[in-house]
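Residue numbers (my numbering), protein chains in the order written: chain A, 1 to 406; chain B, 1001 to 1406.
In what follows, a single structure is set out as structure tokens and then discussed.
Number of protein chains: 2
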Amino acid sequence: MKTGKAEIVCTGSELLSGKLNLYVPLFHELLAPLGFAITREQSCGDSLPDIKDCLAGSLRRADLVIACGGLGPTFDDLTRQAAAAVLGRRLFHSKSCEQILSFNYKLKALPPNIKDQCLLVEGAKPLENSNGTAFGQVLTRGRKMLVLLPGPRKEWEPMFHNFLDEEIRAFFKGRPPVAQLKLKIAGLWEPQAEKLLRPVMRRFPLAGFTILAGPGTVEFILSGDDSRGLIGRAGAACRKELGDKLYGEGEDTLAAAIGAKLKARGRTLSAAESCTGGLAAKLVTDIPGSSEYFLGGAITYSNAAKIKLLGVRGGTLEKAGAVSGECALEMAAGARKIFGSDYAFSVTGIAGPGGGTEEKPAGLVFFGLAGPRGTAVFKRQFRGTRPFIRECAANFILDELRKVIK
Amino acid sequence: MKTGKAEIVCTGSELLSGKLNLYVPLFHELLAPLGFAITREQSCGDSLPDIKDCLAGSLRRADLVIACGGLGPTFDDLTRQAAAAVLGRRLFHSKSCEQILSFNYKLKALPPNIKDQCLLVEGAKPLENSNGTAFGQVLTRGRKMLVLLPGPRKEWEPMFHNFLDEEIRAFFKGRPPVAQLKLKIAGLWEPQAEKLLRPVMRRFPLAGFTILAGPGTVEFILSGDDSRGLIGRAGAACRKELGDKLYGEGEDTLAAAIGAKLKARGRTLSAAESCTGGLAAKLVTDIPGSSEYFLGGAITYSNAAKIKLLGVRGGTLEKAGAVSGECALEMAAGARKIFGSDYAFSVTGIAGPGGGTEEKPAGLVFFGLAGPRGTAVFKRQFRGTRPFIRECAANFILDELRKVIK
């Protein structure tokens, strides 16, 4: 059986007036293993005729149509109505959905706008929402499936994993998965990664290679029909080229890689941040269970805080300045001491856009690492906007930390 | 004259297999001042029937259609062919385009694939490319305009500013610009905000109201023809309803609002975070120039760090626990003291998914504020994923801080 055709319909006027649509790559990743390639995406405003037109077109062309957004409780949520009209079916209040909401929210009577969240298109299978009140809906007509999902990612993503994945597999039996392998790379910029991996791309004529640049990180995605193990072999060849530049696969993050290493070795970590202002610690504590190994951090923006909290010497700040290797080193050593952790890292630099000088321009960042085997200092010059420089800096030191944990 | 309808067609299989489409918000910003609202966006792969279908649909519905991508020199660049087929016109090699490329690249004879870059649709006005070989093309039929632009931003963006902007103004004379006002709200959930603003929406029948939910924040967007000052008046009515729930407009953030207040008053700030792990300080330091008022923060994940860095009493941790109002208060007071700041906030709670108990479930968060006029403690129960709970918590305390700064 061939790869199925899927189309995505995103509704929401905000998507046409300034807000970035982040969902198409996410749906691609979820649908590829189920044997579907996305053949078209449409975004339209919160207008009933527009949503109807998009849904009708997609249903004509594709096997699977996913409509995202427009299931909320407000006036501009119209996807249910559009789907009912396109399929020529009526809407009804589902008693069982109402019972679920009453139970979950401990309400005897549902307010009218919440009650309307229980409107289902005739024949719909509702999908429970673990992070909101809107139900997803699975609708089928002949050999086609139309799925209505709520707009917020935190609502539709668990819904997809918990229910929809299985629904799609069961309805569209036996499609070969479009295999995908996402390699997560740090310490290389996009052109460097591409140059390194070009020989592998030449050796394995796959359906698709995609390379995506992040702040100090790169994702390299291999995809195609894997019935002859092609993706696996190409992945192995990439791993060989990448060596320790590869920090993970799929949804792995640098912070997760660090967490796994620290946990496995029973080691602890602390942080000392200046220009990243908490971002690096935020990334570390994004990981559930990070309290097992992360003891804490000091965000020392002012010189006084660097001295008082971390024991940086006044003389160091005077002579070398706060943005210096000396200061970075004392910050890391100070954090390791005050928190009593096995490892500590530090970041001090100029995130910009202001605050730079000819000698120390915006984007100049010093880093320190302190661990059981000693200390290290790094210096990097990043170029870009303030948020980009901060993310590059946080990712850089997390990657160096990852490589140093033994 | 009314607001014009524009549609965007993006071609490129990569947009459907992992690559983020960053262009729609950019086109929105370029087209709004010209009097056009984007009413639909479509992305399709590099397939001639698909591109034709997208273009034909868009030309049927919209006044202005912008097709981006598929003008390159390789086999999968098919937008020229699709446009010619949809308009029922032939393609021809433009001698003047060939001369321009020969001159720019100092070539006597153009290689065949570059020569094909000079293929124009009959009747097209070519747009010169200052960063590549593909010409843009402006096509008109009746009162409609179809524009073909190359895919890379560095090629199409100068083309838009240098030529296309003027072409569109000249062809579609006298359209009023589309005005937009984005109100940023905190301390209300989406349904509460909608309820509060519903009377305003009824009084001002505008082109568009959009409401967007964030983690503890809401965006309310008014848009439409502002020739009679409608947006301004509706905005004023919204401001009146919202009172101090309104923290800003446009791209304002809670952290920017806090920064502006602190700077105006010459006050300083510090932070003490447990479950947000640096996120709140990261938000504060997202703001350029935040080093003027933000002295630093302590991320105290472990009890030992709470005691050592912030002076939380061992007895408090024993009796009330780390997740308590008492601990939050001592954390805020401790941060204010150690950093010597005018204001300090604290966050301590259970971000989840693990770590909760029946008495103190995941999502329970305590907050402290310490300032020149005294202290305050807050308690909130959030529901959702770990990142959502952390963002709600950070936004909650930043909003309370914003309201308290005098």
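Yeah, the Cβ is synthetic: ideal placement off N, Cα and C, and Gly gets one too.
Exercise. At a CB-CB cut-off below 8 Å, which residues of chain A make contact with GLN1381 of chain B?
Worked result: Per Cβ cutoff of 8 Å: no residues; GLN1381 of chain B is ~13 Å from chain A at best.
For this session: Return the bridge partner residues of ARG373 of chain A from the DSSP annotation.
Result: For ARG373 of chain A, which the question treats as bridged, DSSP gives no partner whatsoever.
Problem set entry | 9 Å Cβ cut-off: residues of chain A touching SER1058 of chain B | Result: empty, since nearest Cβ-Cβ is about 10 Å, beyond 9 Å.
Exercise. What residues are listed by DSSP as bridge partners for CYS1068 of chain B?
Worked result: B:CYS1010 and B:LEU1149
Exercise. Where does the unbroken beta strand (DSSP E) through GLY349 of chain A begin, and where does it stop?
Worked result: Where GLY349 of chain A is concerned, the enclosing beta strand (DSSP E) stretches over 343-349.
Exercise. GLY1277 of chain B CB to nearest chain A CB: under 8 Å?
Worked result: yes
For this session: Would you list the one or two residues that DSSP bridges to THR140 of chain A?
Result: A:MET145
For this session: Write down the C-beta distance between PRO205 of chain A and THR133 of chain A rounded to the nearest angstrom, noting that I regard them as a contact closer than 8 Å.
Result: With 8 Å as the limit, PRO205 of chain A and THR133 of chain A do not qualify as a contact, their Cβ atoms being about 48 Å apart.
For this session: Give the DSSP-derived three-state secondary structure of SER58 of chain A in the structure shown.
Result: helix
Exercise. Out of B:GLU1241, B:ASP1076 and B:ASN1129, which has the shortest C-alpha to C-alpha gap to LEU1101 of chain B?
Worked result: Closest by alpha carbon: B:ASN1129.
For this session: Can you say whether TRP189 of chain A is buried or exposed, counting buried as having 16 or more other CB atoms within 10 angstroms of its CB?
Result: exposed
Problem set entry | Residues near GLY45 of chain A by beta carbon distance below 7 Å, same chain, minus five either side | SER13 and LEU16
Problem set entry | 7 Å Cβ cut-off: residues of chain B touching GLU14 of chain A | THR1210, LEU1212 and ILE1221
For this session: Please confirm whether SER1223 of chain B and VAL1284 of chain B have their CB atoms less than 8 Å apart.
Result: Cβ atoms of SER1223 of chain B and VAL1284 of chain B: not closer than 8 Å.
For this session: State the start and end residues of the unbroken alpha helix (DSSP H) segment that holds LYS1263 of chain B.
Result: Start and end: 1254-1265.
Exercise. The beta strand (DSSP E) with SER1270 of chain B in it runs from where to where?
Worked result: 1269-1273
Problem set entry | Helix, strand or coil at VAL1200 of chain B [DSSP, three-state] | The DSSP-derived three-state label of VAL1200 of chain B is helix.
Exercise. How about CYS1044 of chain B: is its C-beta nearer than 8 Å to some C-beta of chain A?
Worked result: Yes - at least one Cβ of chain A is within 8 Å of the one on CYS1044 of chain B.
For this session: Take the Cβ of PHE103 of chain A as the centre, count every other Cβ of all protein chains shown within 10 Å, and call the residue buried at 16 or more, exposed below.
Result: exposed
Problem set entry | Check whether ILE1279 of chain B and ALA1362 of chain B have beta carbons under 8 Å apart | Correcting the residue type first, residue 1279 of chain B is Leu in the shown sequence and not Ile. Against a cut-off of 8 Å, the Cβ pair of ALA1362 of chain B and LEU1279 of chain B comes out as no contact.
Exercise. Should PHE1092 of chain B be labelled buried (16 or more other beta-carbon atoms within 10 Å of its own) or exposed?
Worked result: It is exposed - the Cβ of PHE1092 of chain B has fewer than 16 other Cβ atoms within 10 Å.
Problem set entry | THR1348 of chain B versus LYS1306 of chain B - alpha carbon distance | Here the C-alpha atom of THR1348 of chain B lies approximately 11 Å from the C-alpha atom of LYS1306 of chain B.
Exercise. Looking at the unbroken beta strand (DSSP E) that takes in LEU1120 of chain B, where does it start and where does it end?
Worked result: 1119-1121
For this session: Starting from ARG1380 of chain B, follow its DSSP beta bridges and name the residues at the other end.
Result: B:VAL1365
Exercise. Anyone know if the C-beta pair for SER1094 of chain B and LEU1055 of chain B falls short of 8 Å?
Worked result: Result no, Cβ atoms of SER1094 of chain B and LEU1055 of chain B do not sit closer than 8 Å.
Exercise. Name the chain A residues whose beta carbon is nearer than 8 Å to that of GLY1356 of chain B?
Worked result: Near GLY1356 of chain B there are no residues of chain A at all, since even the closest Cβ is about 12 Å away, more than 8 Å.
Exercise. Can you round the beta-carbon distance between LYS1245 of chain B and GLY1187 of chain B to whole angstroms, since I take them to be within the 8 Å contact cut?
Worked result: 5 Å
For this session: Classify GLU7 of chain A as buried or exposed, calling it buried when 16 or more other Cβ atoms lie within 10 Å of its own Cβ.
Result: buried
Problem set entry | Residue from A:VAL86, A:GLU330 and A:PRO353 whose Cα sits closest to the Cα of PHE378 of chain A | For PHE378 of chain A, the closest of A:VAL86, A:GLU330 and A:PRO353 by C-alpha to C-alpha distance is A:GLU330.
Exercise. Going along the stretch 296-322 of chain A in order, which residues come within less than 9 Å of chain B, judged by CB to CB distance?
Worked result: GLY296, GLY297, ALA298, ILE299, THR300, TYR301, SER302, ALA304, ALA305, LYS306, LYS308 and LEU309
Exercise. When you compare each of A:ALA32, A:SER58, A:PRO33 and A:PRO49 to SER1043 of chain B by their alpha carbons, which one comes out closest?
Worked result: Of the candidates A:ALA32, A:SER58, A:PRO33 and A:PRO49, the one whose C-alpha sits nearest the C-alpha of SER1043 of chain B is A:SER58.
Exercise. Taking a cut of 7 Å between CB atoms, which residues from the stretch 23-34 of chain A lie near chain B?
Worked result: VAL24, PRO25 and HIS28
Problem set entry | DSSP bridge partner residues for THR210 of chain A (one or two, in chain order) | Its beta-bridge partners are A:ILE221.
Exercise. In terms of residue numbering, what span does the alpha helix (DSSP H) encompassing PRO387 of chain A cover?
Worked result: 386-404
Exercise. Straight-line CA distance for ILE1258 of chain B to ILE1350 of chain B?
Worked result: 25 Å
For this session: Spell out whether any CB of chain B is found under 8 Å from the CB atom of ARG80 of chain A.
Result: So no, ARG80 of chain A is outside the interface.
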